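Take a look at the structure set out below.
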Amino acid sequence: MTAPVPTLALAHAGRRIAGRTIVRALDLELSRGEVLGLLGVNGAGKTTTLRMMAGVLAPTSGCVRLDGEDLHERPELGRRRIGYLPEVPPLHAELDAEEYLAFCARLHAVPRGAVASAVARAIERCGLGDVRRRPLGALSKGYRQRVGVAQAILHEPDLIVLDEPASGLDPIQALNLRELVRSLGRDHAVVLSTHVLPDVSACCDRVAILHHGELRHAGNVHASSTTSLRVGVSRVLREQEWRALPMVVAAESLDPAHWRVELAPGSAIDAFSAAVVAHGFGLTALAADAPPLESVFLAIAASDAPAAAA
Amino acid sequence: MNATLLIAGHEWRRLRMQPFAWTLAAVVVAFMAWQFLLALQAFVDLAPKLGGLKDAPGVTDLVAIPLLRSLSNLLLPLVPLVTMRSFAGERRAATLPLLLASGVGNLRIVLGKFVGAFGYVLVLVALVATMPLALAAGTSLDLGKIAASLLGLALFAGALTGIGVLCSAWAAQPALAAAAAFALSALLAVVDAGARLQGITNAGINYLALPTHLESFFRGIVASVDIGYFALVAAVTLALATRRLDALRGSPD
Numbered sequence: 001m002t003a004p005v006p007t008l009a010l011a012h013a014g015r016r017i018a019g020r021t022i023v024r025a026l027d028l029e030l031s032r033g034e035v036l037g038l039l040g041v042n043g044a045g046k047t048t049t050l051r052m053m054a055g056v057l058a059p060t061s062g063c064v065r066l067d068g069e070d071l072h073e074r075p076e077l078g079r080r081r082i083g084y085l086p087e088v089p090p091l092h093a094e095l096d097a098e099e100y101l102a103f104c105a106r107l108h109a110v111p112r113g114a115v116a117s118a119v120a121r122a123i124e125r126c127g128l129g130d131v132r133r134r135p136l137g138a139l140s141k142g143y144r145q146r147v148g149v150a151q152a153i154l155h156e157p158d159l160i161v162l163d164e165p166a167s168g169l170d171p172i173q174a175l176n177l178r179e180l181v182r183s184l185g186r187d188h189a190v191v192l193s194t195h196v197l198p199d200v201s202a203c204c205d206r207v208a209i210l211h212h213g214e215l216r217h218a219g220n221v222h223a224s225s226t227t228s229l230r231v232g233v234s235r236v237l238r239e240q241e242w243r244a245l246p247m248v249v250a251a252e253s254l255d256p257a258h259w260r261v262e263l264a265p266g267s268a269i270d271a272f273s274a275a276v277v278a279h280g281f282g283l284t285a286l287a288a289d290a291p292p293l294e295s296v297f298l299a300i301a302a303s304d305a306p307a308a309a310a
Numbered sequence: 001m002n003a004t005l006l007i008a009g010h011e012w013r014r015l016r017m018q019p020f021a022w023t024l025a026a027v028v029v030a031f032m033a034w035q036f037l038l039a040l041q042a043f044v045d046l047a048p049k050l051g052g053l054k055d056a057p058g059v060t061d062l063v064a065i066p067l068l069r070s071l072s073n074l075l076l077p078l079v080p081l082v083t084m085r086s087f088a089g090e091r092r093a094a095t096l097p098l099l100l101a102s103g104v105g106n107l108r109i110v111l112g113k114f115v116g117a118f119g120y121v122l123v124l125v126a127l128v129a130t131m132p133l134a135l136a137a138g139t140s141l142d143l144g145k146i147a148a149s150l151l152g153l154a155l156f157a158g159a160l161t162g163i164g165v166l167c168s169a170w171a172a173q174p175a176l177a178a179a180a181a182f183a184l185s186a187l188l189a190v191v192d193a194g195a196r197l198q199g200i201t202n203a204g205i206n207y208l209a210l211p212t213h214l215e216s217f218f219r220g221i222v223a224s225v226d227i228g229y230f231a232l233v234a235a236v237t238l239a240l241a242t243r244r245l246d247a248l249r250g251s252p253d
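In the order they appear, the protein sequences are chains Y and W.
Our numbering puts the first residue of the first sequence at 1, with every later residue one more than the last.
Our numbering puts the first residue of the second sequence at 1, with every later residue one more than the last.
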């Protein structure tokens, strides 16, 4: 039986601009129902990678495939199947949100009869109802960003590429955006570039970290996020009492009421918390310790020597 | 809907929303109306003397054609102002990725921009054309000659629009695009000036000049070679603009 074709596949995709290598031999795959967080410091090659994924830039080596077909041999594939929000939302300031989104819908080959409903759905999903008739040039940065997201999703593309979508959003809008990205991730393949690590933890299933144009880390966001926990207890405990729990491999006292506890790989937090309660430790707090994603990102960002992709 | 017409229609909608387009149209119509009234007054003053002449020129030759010839001169700086935003404006506003990521081919994007700008220029030509045509209510006009002149003007405007779109695709700044388009158009307008001063009117250099081909239409002659010349200029410029868009997919901005 053959494996299903991924929605997006980068096969050794690289990009040189003006003689300089911006992105080097990327291999990535993404399927419907997955959200990929793309991380990297400024200049790591994230935007160039996203442009290649969206069909705006052609790779100078390797290829970008959409459902198994080379995007740059058949650019028309992207018309219905890719939604792209660039770093700066591509808005026409003199139009209002409805006019602009109606044009975007037609540009992405939404049938004429379905344009009004597609625009209405995108406006509702992005919370643009109050500003639908205001010129885009008069909108705040947050609203402009949301119109940009709306244009990327209104034609229900297979692949949605979002470059810094939370830029300029207030905290409530950013939370709503997380919800939106999560919901989009159920039916679409979503690539999200951001500097906000909690956004990746909250929205993404997988993460890819770029550094100097190379893929340095690719993996599941939640795979190792439960190994280290910070636990508050009301009883004074000894390390041996923690080690008596079957899923605990190490415990370190931070202060009499707080412990850093390492769980065995694959252990469930609910089973751990149930065991803590059953042993009468007096559980008062339970939180992830230093997020592993942040540790990995900072370690990669701090390294300057090129390395093979993980 | 065809993507070319969709983009052209969108260009039109955007132009309608911009005070710049309305101001430009108002200035052109006001200036040409002033020229028209001056020419008409001169004709009225001259008419008694012309009455005694055999085969004397009429209102078409003395009012309508000079007005349209004057419009052709005005189009040289005017069209670059219309086309300068086609691509340079999109790049400056960072909106070009919307088109590039849409899956619509580069040629159709260029054609859409061309048709949108060309449509606006044609409306200006039509507005100015109503002035001499209004004289038909009170006098007889050589409608065939006027029709030939308007066809020539439309083709001339198409070639200038092609040059403007090309320069807009090459330049990153709208003002630079307008300046380059005007310089290129003006060069094509005067490229045979030296030869003409020496009495040479039928050499290869004359063939390159825009006015050589436009003048035939003003004389009421519709020749396929002149139509072909304007069509060729438009086609070559649009092909080069498409190539430029191909190259832009490889640039960092």
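Quick reminder that beta carbons are idealized off the backbone N, C-alpha and C, glycines included.
In this text the structure is predicted, and so the values were computed from the model without any measurement.
In terms of alpha-carbon separation, which member of Tyr229/W, Ser149/W and Ala159/W lies closest to Leu67/W?
Ser149/W
Return the chain-ordered ranges of every beta strand (DSSP E) run that is complete within the region 190-221 of chain Y and spans a minimum of 3 residues.
206-211 and 214-220
Could you tell me which residues DSSP pairs with Arg260/Y in its beta bridges?
Arg230/Y and Glu252/Y
Could you tell me which whole alpha helix (DSSP H) segments of length 4 or greater appear in the region 142-206 of chain W?
The region 142-206 of chain W is shown to contain whole alpha helix (DSSP H) runs of 4 or more residues at 143-170, 174-190 and 193-197, in chain order.
Can you give me the C-alpha to C-alpha distance between Cys126/Y and Val63/W, rounded to a whole angstrom?
59 Å
Chain W partners of Tyr143/Y, CB-CB under 8 Å?
In chain order: nothing, as chain W lies at least about 17 Å away.
Please look up how many angstroms separate the CB atoms of Ser167/Y and Gln145/Y, rounded, as I've assumed it's under 8 Å.
6 Å
Ignore the nearest five residues each way along the sequence and tell me which others in Asp253/W's own chain have a CB closer than 6 Å to its CB.
With a pLDDT of 43 at Asp253/W, under the threshold of 50, the modelled position of that residue is not reliable, and the figure given next carries that caveat. Answer for Asp253/W: no residue qualifies.
Is DSSP giving Arg15/Y helix, strand or coil here?
strand
Reduced DSSP secondary structure (H/G/I, E/B, other) of Val226/W:
The sequence as given places Asp at residue 226/W; Val does not occur at that position. Helix at Asp226/W.
Helix, strand or coil for Pro265/Y? Go by DSSP, reduced to three states.
coil
I want to verify the contact list: residues of chain W whose CB lies under 7 Å from the CB of Leu192/Y, in sequence order.
What Leu192/Y touches in chain W: nothing, since even the nearest Cβ is about 16 Å away.
Under the assumption that Leu197/Y contacts Thr227/Y (Cβ atoms under 8 Å), give the Cβ distance between them as a whole number of angstroms.
In fact, because the Cβ distance is near 17 Å, the residues do not count as touching under 8 Å.
Would the region 79-89 of chain Y count as touching the region 101-109 of chain W if we require 3 or more Cβ pairs under 8 Å?
Counting C-beta pairs closer than 8 Å gives three or more between the region 79-89 of chain Y and the region 101-109 of chain W, which meets the contact rule.
Can a CB atom of chain Y be found closer than 9 Å to the CB of Arg92/W?
no
Name the residue from Leu57/Y, Glu214/Y and His72/Y whose alpha carbon lies nearest to the alpha carbon of Ala25/Y.
Glu214/Y
Would Tyr207/W be called buried (16 or more neighbouring beta carbons within 10 Å of its own) or exposed?
exposed
Thinking just about the alpha-carbon of each residue, which of Leu98/W, Ser216/W, Leu111/W and Phe114/W is nearest to the one in Leu107/Y?
Leu98/W
For Ala137/W, which of helix, strand or coil comes out of DSSP?
helix
So which residues on chain W does Ile82/Y lean against when the C-beta distance must stay under 8 Å?
Ala101 and Gly103
Rounded C-alpha distance that separates Ala117/W from Gly219/Y:
49 Å
Taking the alpha carbon of Gly78/Y as the point to measure from, which residue in Arg134/Y, Ala58/Y and Ala97/Y has its own alpha carbon closest?
Ranking Arg134/Y, Ala58/Y and Ala97/Y by Cα distance to Gly78/Y puts Ala58/Y first.
Taking Gly45/Y as the reference, which of Thr21/Y, Pro135/Y, Gly33/Y and Gln173/Y has the closest Cα?
Thr21/Y
Please go through the same chain and pick out, in chain order, the residues whose beta-carbon is closer than 8 Å to the beta-carbon of Ala241/Y, but skip the five residues on each side of it.
First, the amino acid is wrong: residue 241/Y is Glu here, not Ala. So the qualifying residues of the chain are His279 and Phe281.
Let me check one thing: in DSSP terms, what residues is Gly37/Y bridge-paired to?
Leu192/Y and Val207/Y
Interface partners of Gly55/Y on chain W, CB under 8 Å:
Leu100, Ala101 and Gly103
For Ala308/Y, collect the residues of the same chain with a Cβ closer than 7 Å to its Cβ; drop the 5 residues on either side in sequence, then sort them by chain order.
Unreliable placement is indicated for Ala308/Y, whose pLDDT of 43 sits below 50; the coordinate value is still reported in the next sentence. Apart from the 5 residues on each side of it in sequence, Ala308/Y has no Cβ closer than 7 Å to any other Cβ in its chain.
For Thr21/Y, which residues does DSSP report across the bridge?
Arg16/Y
Check the Cβ of Met17/W against every Cβ in chain Y and list those closer than 7 Å, keeping chain order.
Met17/W reaches chain Y at Glu94 and Leu95, counting residues in chain order whose Cβ is nearer than 7 Å.
First and last residue of the uninterrupted beta strand (DSSP E) at Arg80/Y:
Boundaries for Arg80/Y: no beta strand (DSSP E) harbours it, while the alpha helix (DSSP H) harbouring it runs Gly78 to Arg81, taken from the DSSP string.
Can you give me, in chain order, the residues of the region 66-94 of chain W that have a beta carbon less than 7 Å from any beta carbon in chain Y?
Correct list: Ala94.
Out of Gly266/Y, Val110/Y, Thr60/Y and Leu245/Y, which one is the CA nearest neighbour of Ala11/Y?
Thr60/Y
Determine the closest residue to Arg249/W out of Leu8/Y, His72/Y, Leu139/Y and Leu180/Y, with distance taken between C-alpha atoms.
His72/Y
Would you say Leu50/Y and Val207/Y are within 9 Å of each other, going by their C-beta atoms?
no
Does the beta-carbon of Leu8/Y have 16 or more other beta-carbons within 10 angstroms, so that it is buried, or is it exposed?
buried
Backbone CA spacing between Leu76/W and Arg243/W [nearest angstrom]:
Taking the straight line from one Cα to the other gives about 24 Å.
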